[in-house]
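Novice:
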Amino acid sequence: MLIIVYITLYGCTDKSVAQLERIKTRGEIIVVTSNGPTSYYFDQNTESGIEYVLAKKFAEHLGVELKIIIAKNSTDITEILKSGKADFAAAALINNQAQDSALIFGPAYQWVTQQLVYRNGLRPPSSLEDIFPDKLDLAMDTSALIPLDQMQQKVPNLSWNIHTRRDSHEMLELLENKEILYTITDSNELILARQYYPEIRFAFNVTSPQPVAWAFRKSDALSLLKASWMFYEKISESGELSSLIKQFYAPMEKFDYVDARKFVDRFETRFPPFQSLFEDVSKEQEMDWRLLAAISYQESHWNEQAISFTGVEGLMMLTLDTAKSMGVENRIDPEQSIRGGSIYLKSLMAKIPERIAEPDRTWLALAAYNVGFGHLEDARILTQKQGGDPDNWLEVKQRLPLLSRKEWYEQTKFGYARGVEPVLFVENVRKYYNTLVLLTQSTTPAPERTVGQVVESIFTVVPLL
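Count along the sequence shown starting at 1, add 1, and that's the number in the working numbering.
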């Protein structure tokens, strides 16, 4: 739980008190952030990222609109904030008052540690004394420099190289590619990075937990700072803050044997009330109802009341914008949700070039359903640039994870995406689809077969469509 400590804000001038009033008068609050996994990105054509969601909720708390400025790095973030172009900064910043005396930080909403990481295959170091001189490479914006300077007094041979043009995400990329041996990263970044960099290994904590917080200008933002404390107290006490953190840092799981048994059980107990709706809507849209049902299970586990922290709802987990564009008035209504999802999938299929045949056509559309058509196109363009076939799903799926790596997403139109997720999404939907084929087309009626027999059959390759 967030512990709130109220401190008298001495020197609170008329200028600082007026800051919050000016924001409310103009009807918007301006935040500077960065494009990346721990701050801001587009997901299913919708703005996302934990810093974005928190900033959006803060704006709603104040009764104003949110305006976003995207900066390239922490140095630019600081300069934009100090110049007055933004009201506050939200970019997974470590609260270190020594970094800049012109800034003041709000309440910590998360605690992270600096962690030393190495590449799989190396002997794991147990302390900084095990690191050979000049073999530790650090990002330009690392928050580990101050603690490392202090540790250097105890470990005289400790030395490091600063990469002045690379951030922590790029350092992990170098580590994965065997270009460096060791680096230090924030624990929250490592949680996300391990999904995309399978060869990276955790060695040990370099620091004790450090607070992550928003930054404000010390000169004129004390009233806004106080408002941020009240906001965080509210969402901490309600449990909303801890829920957001857990959901943003929870990776999408692969479909395994246990999930398969659960799927078969839910097909028999939860799915029957919806089956006729899937069949009827799919007939209208000239689609395979089992494909729609598979998507729905992946999205909501066939729970018509499902709602996520990002605001998607219903059996097909539609965003508000997608629902409106598909003519859906009530996302919780099963029939409207299924129809909206089917129309949306069909619209994505229509965007796929006609030359692309099945099954690649469907797989590409499914990836777009999960990550957004813009990100899919970014991955297809990367595929083509690398000499691959942008019309082949097996080749595009290899490039989608690159959208989470700064080296690559900076070259794209739509920027960062959690690129592993659409790959897992398509794999899972295919497995669910294959299961439904087995459950509905087998010569042996489902009730007469054991759950084990069905589950064992699921992991046999079945062509999609």
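Each residue gets a CB set at the ideal place from its N, CA and C atoms; glycine is no exception.
Beta carbon of G420, beta carbon of L404: below 8 angstroms?
Specialist: Going by C-beta atoms, G420 is nearer than 8 angstroms to L404.
Novice: Counting beta carbon pairs with one atom in the segment 55-67 and one in the segment 218-233, are three or more of them shorter than 8 angstroms?
Specialist: yes
Novice: Which same chain residues, not among the five before or five after K86, have their C-beta less than 8 angstroms away from its C-beta?
Specialist: Hits under 8 angstroms: I31, V33 and I70.
Novice: Can you find the residues in the same chain that come closer than 6 angstroms, C-beta to C-beta, to K83, ignoring five residues on each side of it along the sequence?
Specialist: A103
Novice: Buried or exposed for A19, please, with buried defined as at least 16 other CB atoms from any protein chain shown within 10 angstroms of its CB.
Specialist: exposed
Novice: Could you give the uninterrupted runs of the alpha helix (DSSP H) lying entirely in the segment 328-375, keeping only those of 4 residues or more?
Specialist: The DSSP assignment places 335-352 and 361-372 as complete runs of the alpha helix (DSSP H) inside the segment 328-375, in order along the chain (cut-off: 4 residues).
Novice: Given a cut-off of 8 angstroms on the beta-carbon distance, is the pair H170 and R406 in contact?
Specialist: yes
Novice: CB E200 to CB E177, shorter than 8 angstroms?
Specialist: yes
Novice: By the three-class DSSP mapping on this structure, what secondary structure does E130 have?
Specialist: helix
Novice: Who are the Cβ neighbours of T444 in its own chain at under 7 angstroms, not counting the five residues just before and after it?
Specialist: Residue placement at T444 cannot be trusted, given a pLDDT of 40 that sits under 50; what the coordinates show is reported in the next sentence. The answer is none, since no qualifying residue turns up.
Novice: Using the Cα positions of E22 and Y41, report the straight-line distance between them to the nearest angstrom.
Specialist: 27 angstroms
Novice: In this structure, how does DSSP classify W230 when only helix, strand and coil are distinguished?
Specialist: Note: W230 maps to helix in three-state DSSP.
Novice: I think R332 touches L319, with their Cβ atoms under 8 angstroms apart; what is that distance to the nearest whole Å?
Specialist: 5 angstroms
Novice: Tell me the residue span of the beta strand (DSSP E) that contains A87.
Specialist: A87 -> no beta strand (DSSP E), and no H or E assigned at all.
Novice: Contact between the segment 211-224 and the segment 234-251: three or more CB pairs below 8 angstroms?
Specialist: no
Novice: Using only the alpha-carbon positions, how far apart do S144 and P212 sit?
Specialist: 11 angstroms
Novice: Does the separation of the CB atoms of W303 and R267 fall below 8 angstroms?
Specialist: yes
Novice: Where does L182 fall in DSSP's three states?
Specialist: coil
Novice: Is it buried or exposed, T441, if we count other Cβ atoms within 10 angstroms and call 16 or more buried?
Specialist: exposed
Novice: What are the boundary residues of the beta strand (DSSP E) that includes I308?
Specialist: Where I308 is concerned, there is no enclosing beta strand (DSSP E), given that its DSSP letter is neither H nor E.
Novice: List the endpoints of the continuous alpha helix (DSSP H) containing D1.
Specialist: An answer regarding residue 1 cannot be provided, because it is not within the stretch 2 to 466 covered by the chain.
Novice: Does the segment 184-196 come close enough to the segment 135-144 that 3 or more CB-CB pairs lie under 8 angstroms?
Specialist: Segments in contact, yes.
Novice: Can you tell me the Cα-Cα spacing of W112 and E190, whole angstroms?
Specialist: 12 angstroms
Novice: On a Cα-Cα basis, can you pick out the residue from M172, R202, I147 and S239 that is closest to T208?
Specialist: Comparing Cα-Cα distances from T208 to each of M172, R202, I147 and S239, the minimum goes to I147.
Novice: Can you tell me the Cα-Cα spacing of E359 and E396, whole angstroms?
Specialist: 15 angstroms
Novice: DSSP three-state label for T444, please.
Specialist: Any reading at T444 needs caution, since the residue's pLDDT is 40, under 50, leaving its predicted position unreliable; the model's value is listed next. Coil at T444, not helix or strand.
Novice: What does DSSP give as the partner residue(s) for R202 in the beta ladder?
Specialist: Its beta-bridge partners are Y119.
Novice: When the distance is taken between beta carbons, is F279 closer than 8 angstroms to A368?
Specialist: Not closer than 8 angstroms, so no.
Novice: Does DSSP put L191 in a helix, a strand or coil?
Specialist: helix
Novice: Please determine, among E29, Q276 and T39, the residue with the shortest C-alpha to C-alpha distance to Y250.
Specialist: Selected option, being the one with the closest Cα: T39.
Novice: Under 8 angstroms, do E314 and N371 count as touching if we go by C-beta distance?
Specialist: No, they are not a contact pair.
Novice: At the level of alpha carbons, what is the spacing between V265 and A109?
Specialist: 43 angstroms
Novice: Excluding five sequence neighbours on each side, which residues of the same chain lie with their C-beta closer than 6 angstroms to the C-beta of Y417?
Specialist: N36, G37, Y42 and Y410
Novice: Using 8 angstroms as the threshold, is the C-beta distance between F203 and V118 below it?
Specialist: yes
Novice: For the candidate residues A91, N96, T26 and Q387, whose alpha-carbon lies nearest to that of V65?
Specialist: T26
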